[in-house]
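The structure appears below as structure tokens.
Numbering (the UniProt record's numbering), first residue to last: 1 to 163.
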């Protein structure tokens, strides 16, 4: 979907929910968030383990109104996440485009074993994670609180990070 269509869809969604073209409500953000998450493959999982916060990279797929994550079992984070409230976020900030977006949501994580057709949606696994053989573990999250943020620029944004 081109940038202009994305913004038109978001504006139309906001108008339908608020009736005035004002700010989107959290309920209006959820369908847009799921659509946007379907455009990127990776995000960041956040929670705490032994009172220390952590953020871990995760591959995701969107299934209905839920998201299934694949992370490396060797990180050990799945133990802290299972049955706990977690946060997940993804964005297109490295796209270099004019319309940037970020999706964040919270929900309770549950360790699952995806069906074969769901596993295929993930694609290939990494060979290694932090130098050790990658061993997948999967968690499903049903988003409870969803937020979409957008940053609109007048021109394409270069992907420069070093002077």
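Cβ coordinates follow ideal geometry from the N, Cα and C atoms, glycine included. Fair warning: this is a prediction, and the values are worked out from it, not measured in the lab.
Restricting attention to 108, 42, 117, the CA atom closest to the CA of residue 142 is found in 108. Proximity to residue 34 across 47, 71, 67 peaks at 67, based on C-alpha coordinates. Judged by DSSP in its simplified three-state form, residue 135 adopts coil rather than helix or strand. In the structure shown, residue 145 adopts extended strand secondary structure according to DSSP, grouped into three states. In the structure shown, the three-state DSSP call for residue 122 is helix.
In the pairwise beta carbon analysis, the segment 66 to 83 is classified as not touching the segment 150 to 160: fewer than three pairs are separated by under 8 Å.
Runs of alpha helix (DSSP H) with 4 or more residues, each lying fully within the segment 40 to 99, are found at 77 to 81, listed in chain order. Less than 8 Å divides the Cβ of residue 43 from the Cβ of residue 89.
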